[in-house]
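S.K.: Handing you a structure now.
Residue numbers (this note's numbering), protein chains in the order written: chain A, 2 to 55; chain B, 1138 to 1476.
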């Protein structure tokens, strides 16, 4: 994908990539909080539905 | 001021919703397989009318962001081998340059486009068939007796395991030379085909190095963080990264990547292989149809190729979710007292 091309320093591009990296980390943390809150009840609901079907 | 500095412009709400939904689907596949980002996003952006530079650059920036998220999740699950990742990055980087050189040589002969298309389709199809067939045999004893390695990896380890050796996650002891050779070979193919190469590296790590499937996915994603980051930077310098595309795509893929990554810890390895193989076979058919359309100048066939690959992506992503639900229920059936 990249090979041996050597990038030169460009503050504006660095800021652009920094924004993408920051968004990724913020989303990872944010969705992680949602996962901890929603995950266990969701798994319990899946299990309950199985017992209900049986 | 910030929007001007970063080159952000207004986008229609319908397009934003489309990007978030598409990001979710690609994120699930990316987290589950460690591949499939640029394979799906760049052609879709081209179809939406974005210039090639923006489609490739934004697709790469999206892959970079999604790889960061998926790698963090796999790392939480203990599925990233950083030593293997660093060795693979070094070998792949050199391999890509060798692959590029071979493309330039073929271009000088006027044969590049045709040969690359044929090799791409054959490779996608062949790896897809190999992985699917192996997964179907999973219930039978296909693993070698020594260390539970796949037969190909067991043969390579028995004949080529020269020192120095390192210990990888999953208690796999392997020669650094084997890793270097695999990284060079997969990098060459990646550079030759002009693709990220996750669909080549992931099975290569499983079948040639002998890494467990979830670790192969996690380590491949770790490698993509670096290649995607540098690639995004290079495209960003020439104005090829559009945040109005990348930000909503990431919004969806961040959730998808968490779901896909977590699914690798729930669905068994054979299940991962079956979905991976089917995705590659569908991709081979779609690329073949698209390339045929390009060769014959039939735009409808090119569009059909894209619709096929996106349709397959949606079906496979939905299949992964269903598989997760079924696995949770099956485990609950085995342990009725749990939960």
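For each residue, glycine too, the CB sits at the ideal point set by N, CA and C.
As the structure is a computational prediction, the values presented were derived from the model and not from experiment.
DSSP state of residue 8 of chain A, grouped into three classes?
M.R.: In the first chain, counting from the first residue as 1, residue 8 of chain A sits at position 7. In this structure, residue 8 of chain A counts as coil in the three-state DSSP scheme.
S.K.: Which word fits residue 9 of chain A, buried or exposed, when buried means at least 16 other C-beta atoms lie within 10 angstroms of its C-beta?
M.R.: The sequence position of residue 9 of chain A within the first chain is 8, counting from 1. Exposed is the call here.
S.K.: What does residue 1309 of chain B pair with, by DSSP beta-bridge criteria?
M.R.: To locate residue 1309 of chain B, count along the second chain from 1; it is residue 172. Residue 1309 of chain B is bridged to B:1305.
S.K.: Closer than 9 Å by beta-carbon distance: list the chain B residues that pair up with residue 46 of chain A, in chain order.
M.R.: Against the first chain, residue 46 of chain A aligns to sequence position 45. Near residue 46 of chain A there are no residues of chain B at all, since even the closest Cβ is about 10 Å away, more than 9 Å.
S.K.: Using a Cβ-Cβ cut-off of 6 Å (strictly less than) and excluding sequence neighbours within five positions of residue 1382 of chain B, which residues of its own chain qualify?
M.R.: Taking the first residue of the second chain as position 1, residue 1382 of chain B is located at position 245. Once the five neighbours on either side are set aside, the close Cβ partners of residue 1382 of chain B are 1195.
S.K.: Once the 5 residues before and after residue 1282 of chain B are set aside, which same chain residues still bring their CB inside 6 Å of it?
M.R.: On the second chain, position 145 is the one that residue 1282 of chain B refers to. Reliability fails at residue 1282 of chain B, whose pLDDT of 38 lies under 50, so the model's placement of it is uncertain and no value is given.
S.K.: For the putative contact between residue 1328 of chain B and residue 1232 of chain B, defined by C-beta atoms under 8 Å, what is the C-beta separation to the nearest angstrom?
M.R.: Indexing the second chain from 1 puts residue 1328 of chain B at position 191. Indexing the second chain from 1 puts residue 1232 of chain B at position 95. Right, the Cβ-Cβ distance comes to about 6 Å (below 8 Å), so this counts as a contact.
S.K.: Helix, strand or coil for residue 1403 of chain B? Go by DSSP, reduced to three states.
M.R.: Here residue 1403 of chain B refers to the residue found at position 266 of the second chain. Reduced to three states, the DSSP call for residue 1403 of chain B is coil.
S.K.: Does residue 1375 of chain B come out as helix, strand or coil in the three-state DSSP assignment?
M.R.: For this step, residue 1375 of chain B is matched to residue 238 along the second chain. Here residue 1375 of chain B sits in coil by DSSP.
S.K.: Just to confirm, is the Cβ distance from residue 1167 of chain B to residue 1397 of chain B under 8 Å?
M.R.: Taking the first residue of the second chain as position 1, residue 1167 of chain B is located at position 30. Taking the first residue of the second chain as position 1, residue 1397 of chain B is located at position 260. Yes, these two residues count as a Cβ contact at 8 Å.
S.K.: Given residue 1236 of chain B, which residues of its chain have a CB within under 8 Å of its CB, disregarding the five upstream and five downstream residues?
M.R.: Within the second chain, residue 1236 of chain B is the residue found at index 99, counting from 1. Taken in chain order, the residues that qualify are 1324, 1325, 1326, 1327, 1328, 1329 and 1330.
S.K.: One question on the structure: do residue 25 of chain A and residue 1400 of chain B come within less than 8 Å of each other, judged by their Cβ atoms?
M.R.: In the first chain, residue 25 of chain A corresponds to position 24, counting from 1. In the second chain, residue 1400 of chain B corresponds to position 263, counting from 1. No, Cβ-Cβ distance for residue 25 of chain A and residue 1400 of chain B is not below 8 Å.
S.K.: Interface residues of chain A around residue 1383 of chain B at Cβ under 7 Å?
M.R.: Counted from its first residue, the second chain places residue 1383 of chain B at position 246. Near residue 1383 of chain B (Cβ distances below 7 Å), the residues of chain A are 21.
S.K.: In three-state DSSP terms, what is residue 1150 of chain B?
M.R.: Here the question's residue 1150 of chain B lines up with position 13 in the second chain. Of the three classes helix, strand and coil, the one that applies to residue 1150 of chain B here is helix, per DSSP.
S.K.: Leaving out the 5 sequence neighbours to the left and right, which residues in its chain are closer than 7 Å to residue 1179 of chain B when beta-carbon positions are compared?
M.R.: Residue numbering aside, residue 1179 of chain B sits at position 42 when the second chain is read from its first letter. Closer than 7 Å at the Cβ level, and outside the excluded window around residue 1179 of chain B, lie 1192, 1193 and 1196.
S.K.: Pull up the CB-CB distance for residue 1269 of chain B and residue 1414 of chain B, whole angstroms please, since I reckon it's below 8 Å.
M.R.: Walking along the second chain from the start, residue 1269 of chain B turns up at place 132. Walking along the second chain from the start, residue 1414 of chain B turns up at place 277. Contact holds; Cβ gap of about 3 Å.
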